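*Asks:* Handing you this structure, nothing more for now.
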Amino acid sequence: MKITIFGTGYVGLVTGACLADVGHDVLCMDVDQAKIAKLKNGHIPIYEPGLDSIVKHTVEAGRLSFTTDTRQAVQHGVLQFIAVGTPPDEDGSADLQYVTAVARSIGEHMDDYKVVVDKSTVPVGTGDKVKAAVRAELDRRGLELEFDVVSNPEFLKEGAAINDFMKPDRIVVGTDSDKAADMLREVYYPFNRSHDRMIFMDIRSAELTKYAANSMLATKISFMNEIANLAERLGADIEAVRRGIGSDPRIGYHFIYPGCGYGGSCFPKDVQALARTARDCDYDARLLNAVEAVNYAQKHVLYDKISHYFNGNLQGKVVALWGLAFKPNTDDMREASSRTLMEDLWQAGASVQAFDPEAMEETQRLYAEQPGLTLCGTKEQALKGADVLAICTEWKEFRSPDFGVIAGALRESVVFDGRNLYEPDMLARHGLIYYAIGRGRNQFQFD
């Protein structure tokens with residue numbers, strides 16, 4: 000099938016590459032000429048395991064191509080996937096200007112039947128706005144052309160997006176058109192052979208499903224962080240509690256790991272947007288607001304521990320930081336807990352020596368003018384001359400370090416672990432003082 004993807008960001012590029020990989024003829028369109036030029040030259044602008052090889056061989060096979068020509072993009076595919084950004088506005092709502100701009104472009108250039116597929120995460124009711132934008136352009140041109148609008152939200156985890164797309168848990172399709180539904184079945188047939196993963200519903204329900212899914216996962220994280228903070232005050236060990244509740248199949252082990260807060264491009268934005276949608280409906284979504292408030296506070300917990308250790312005097316202190324990306328297997332630093340920690344430390348007069356396996360370039364882009372930041376080539380280099388070590392991302396290479404090297408390099412031999420990677424007894428045997436999240440009263444003293 001001929002498919003057009005508007006947007007070559009995380010969702011658009013993964014979607015386009017995976018659809019081309021199974022044989023579809025995919026054209027990805029972006030207004031960013033520099034990005035398209037890089038893609039045409041084989042440079043992938045994001046880090047996602049396995050994506051570069053798929054893009055490379057599908058481009059070579061002639062099934063994946065890139066353009067900045069809007070007219071060419073609209074005329075290429077019967078299916079027009081919208082996968083552009085929906086950044087949070089100042090009031091927390093999703094900014095739909097890029098989505099509606101694409102919809103207007105489709106209406107401006109289409110000359111036959113199209114299925115417009117909302118792949119971006121959008122608020123409930125966006126399908127109606129997309130339909131109105133396409134229709135307005137057709138009316139302006141004096142044309143009566145048939146088209147359908149479909150909601151087909153993505154459920155991709157950064158760091159595992161290729162596997163998520165190729166082996167989906169579910170494929171949600173919101174549509175009121177049998178014709179469009181049949182076309183989406185054909186698109187996803189290669190991913191749907193062993194058993195039917197497609198779930199059809201109305202457009203508004205599909206739009207809400209995406210927000211509800213991410214908000215549920217964010218709720219589990221904030222709940223666990225709340226219990227972890229309580230465990231510290233009660234002298235309990237959150238890791239024991241986690242195993243105790245996770246063994247209940249009604250709860251499970253997924254997304255109940257305490258830490259220094261969630262980040263990324265999805266959870267913070269989607270929780271805020273759903274809460275804003277609730278306010279627009281005159282409904283006080285108290286749970287959603289609490290999830291956001293807990294996460295905001297949790298991002299400052301690691302700094303609070305470090306500040307408390309130094310009696311509030313961080314002037315001139317050097318903190319080694321392992322992990323900058325918001326999660327492993329990505330270079331994405333949007334809403335990352337590391338950013339909150341670093342900015343808190345700089346505000347207090349401390350400096351940071353940081354290492355991340357993939358996010359160094361992104362960190363340099365974000366903080367190129369920050370004199371209190373030194374980017375180091377290895378995790379060991381980040382330790383040299385530092386007072387303490389803080390950990391914000393649970394990369395595999397951080398899980399079994401040489402604790403003797405850590406103890407020998409740090410001036411204070413103290414580790415502040417925002418992801419609970421280690422056992423306190425293990426670090427104690429190596430002469431390290433260990434502060435984690437919710438590991439009992441001995442972890443922290445509260446006034």
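Heads up, the sequence shown is in numbering that gives the first Met the number 0, so the first residue is 0 and it goes up one at a time. Note that the Cβ used here is the ideal one computed from N, Cα and C, for glycine as well. This structure is a prediction, so every number in the text was calculated from the model and none was measured.
#1: Is it right to say residue 257 is buried, meaning 16 or more other beta carbons lie within 10 angstroms of its own, or is it exposed?
#2: So, at 7 Å on beta carbons, what are the nonlocal neighbours of residue 19 in its own chain, with the 5 sequence-adjacent residues on each side left out?
#3: Leaving out five residues before and five after residue 267 in sequence, what residues of the same chain have Cβ atoms less than 6 Å from its Cβ?
#4: Per DSSP, residue 24 is paired with what?
#5: Between the C-alpha atoms of residue 368 and residue 291, what's the straight-line distance to the nearest angstrom?
#6: Please say whether residue 121 and residue 85 have beta carbons closer to each other than 8 Å?
#7: Give the DSSP-derived three-state secondary structure of residue 346 in the structure shown.
#8: Using alpha carbons as the reference points, say which of 185, 147 and 159 lies closest to residue 173.
#9: Considering only the beta carbon of each residue, do residue 53 and residue 27 sit closer than 8 Å?
#10: Looking only at its chain, what residues have a beta carbon closer than 8 Å to the beta carbon of residue 404, apart from the 5 residues adjacent to it on each side?
#11: Just to confirm before moving on: does the CB-CB distance between residue 418 and residue 392 stay below 8 Å?
#12: Between the beta-carbon of residue 362 and the beta-carbon of residue 353, is there less than 8 Å?
#13: Considering only residues of the same chain and omitting the five flanking positions on each side of residue 277, which have a CB-CB separation below 8 Å?
#14: Check each candidate in 434, 143 and 158 and name the one with the smallest Cα separation from residue 227.
#15: Quick one: grab the DSSP three-state call for residue 202.
#16: Span of the beta strand (DSSP E) holding residue 469?
#17: Judging by CA-CA distance, which residue of 82, 345 and 421 is the nearest neighbour of residue 306?
#18: In its own chain, which residues sit with a C-beta less than 8 Å from the C-beta of residue 200, not counting the 5 before and 5 after it?
#19: Only counting the same chain, and skipping five residues up and downstream in sequence, which positions put a Cβ closer than 6 Å to that of residue 221?
#20: What are the boundary residues of the alpha helix (DSSP H) that includes residue 306?
#21: From what residue to what residue does the alpha helix (DSSP H) around residue 399 run?
#22: Quick check: the segment 315-331 against the segment 244-254, are at least 3 beta-carbon pairs closer than 8 Å?
#23: Please list, in chain order, all residues of the same chain as residue 16 whose beta carbon is under 7 Å from its beta carbon, the five residues on each side excluded.
#24: Please report how far the alpha carbon of residue 133 lies from the alpha carbon of residue 142, in whole angstroms.
#25: Should residue 259 go down as buried or exposed, given a rule of 16 or more other Cβ atoms within 10 Å for buried?
#26: Can you give me the start and stop residues for the beta strand (DSSP E) that residue 79 sits inside?
#27: What are the boundary residues of the alpha helix (DSSP H) that includes residue 273?
#28: When the Cα atoms are used, what is the spatial distance from residue 446 to residue 236?
#29: Does residue 38 come within less than 8 Å of chain B when only Cβ atoms are used?
#30: Am I right that residue 23 and residue 69 are in contact with their C-beta atoms under 8 Å? What's the rounded C-beta distance?
#31: Helix, strand or coil for residue 109, going by three-state DSSP, please let me know.
#32: Determine the burial state of residue 36: buried for a count of at least 16 other Cβ atoms within 10 Å of its Cβ, exposed for fewer.
*Replies:* Working from what's here:
#1: For the purposes of this step, residue 257 is taken as the residue at position 258 of the sequence shown. So residue 257 counts as buried.
#2: Position 20 of the sequence shown, counting from 1, holds the residue named residue 19. Closer than 7 Å at Cβ, skipping near neighbours: 25, 57, 62 and 63.
#3: The residue given as residue 267 occupies position 268 in the sequence shown. Correct list, in chain order: 334.
#4: Position 25 of the sequence shown, counted from the start, is the residue given in the question as residue 24. DSSP, once it has assigned bridges, lists 1 as partnering residue 24.
#5: For this step, residue 368 is matched to residue 369 along the sequence shown. For this step, residue 291 is matched to residue 292 along the sequence shown. Cα-Cα distance, rounded: 30 Å.
#6: Within the sequence shown, numbered from 1, the residue matching residue 85 stands at position 86. Within the sequence shown, numbered from 1, the residue matching residue 121 stands at position 122. Going by C-beta atoms, residue 85 is nearer than 8 Å to residue 121.
#7: For the purposes of this step, residue 346 is taken as the residue at position 347 of the sequence shown. Helix.
#8: Position 174 of the sequence shown, counted from the start, is the residue given in the question as residue 173. That would be 147, whose Cα lies nearest to the Cα of residue 173.
#9: If you number the sequence shown from 1, residue 53 lands on position 54. If you number the sequence shown from 1, residue 27 lands on position 28. No, the pair does not count as a contact, with Cβ atoms beyond the cut-off.
#10: As a position in the sequence shown, residue 404 is number 405, starting the count at 1. 379 and 382.
#11: The count along the sequence shown starts at 1 and reaches residue 418 at position 419. The count along the sequence shown starts at 1 and reaches residue 392 at position 393. Contact flag set, yes.
#12: As a working note, residue 362 is residue 363 in the sequence shown. As a working note, residue 353 is residue 354 in the sequence shown. Closer than 8 Å, so yes.
#13: For the purposes of this step, residue 277 is taken as residue 278 along the sequence shown, with counting starting at 1. Contacts found: 283, 284 and 287.
#14: What you label residue 227 is simply residue 228 of the sequence shown in a count that begins at 1. For the residues 434, 143 and 158, the minimum Cα distance to residue 227 belongs to 434.
#15: Working through the sequence shown from its first residue, we reach residue 202 at position 203. Looking at residue 202 - three-state DSSP - the assignment turns out to be helix.
#16: The requested residue 469 does not occur in the structure, where the chain is confined to residues 0 to 446.
#17: Against the sequence shown, residue 306 aligns to sequence position 307. Checked all of 82, 345 and 421; the closest Cα to residue 306 is 345.
#18: Walking along the sequence shown from the start, residue 200 turns up at place 201. Excluding residues within five positions, the ones whose Cβ falls inside 8 Å are 171, 172, 173 and 208.
#19: Numbered from 1 along the sequence shown, position 222 holds the residue referred to as residue 221. Same-chain partners within the cutoff: 290, 293 and 294.
#20: The residue labelled residue 306 in the question sits at position 307 within the sequence shown. Start and end: 300-308.
#21: Walking along the sequence shown from the start, residue 399 turns up at place 400. Looking at the DSSP string, residue 399 is not in any alpha helix (DSSP H), and its letter there is neither H nor E.
#22: no
#23: Taking the first residue of the sequence shown as position 1, residue 16 is located at position 17. The answer, listed in chain order, is 50, 53, 54, 57 and 63.
#24: Taking the first residue of the sequence shown as position 1, residue 133 is located at position 134. Taking the first residue of the sequence shown as position 1, residue 142 is located at position 143. Taking the straight line from one Cα to the other gives about 11 Å.
#25: Position 260 of the sequence shown holds residue 259. By the neighbour-count rule (16 or more Cβ atoms within 10 Å), residue 259 is buried.
#26: Locating residue 79 in the sequence shown gives position 80, where the first residue counts as 1. Residues 78-81.
#27: Your numbering for residue 273 matches position 274 in the sequence shown. It spans 266-279 - the alpha helix (DSSP H) in which residue 273 sits, taken as one unbroken run.
#28: Along the sequence shown, read from residue 1 onward, the residue named residue 446 stands at position 447. Along the sequence shown, read from residue 1 onward, the residue named residue 236 stands at position 237. Confidence at residue 446 is low in this model, with a pLDDT of 42, below 50, so its placement is unreliable and no value can be given for it.
#29: No chain B appears in this structure, which consists of one protein chain only.
#30: Counting from one through the sequence shown, the residue named residue 23 turns up at place 24. Counting from one through the sequence shown, the residue named residue 69 turns up at place 70. The pair is not a contact, with the Cβ atoms about 20 Å apart (cut-off 8 Å).
#31: Mapped onto the sequence shown, residue 109 falls at position 110. Of the three classes helix, strand and coil, the one that applies to residue 109 here is coil, per DSSP.
#32: Position 37 of the sequence shown holds residue 36. So residue 36 ends up on the exposed side.
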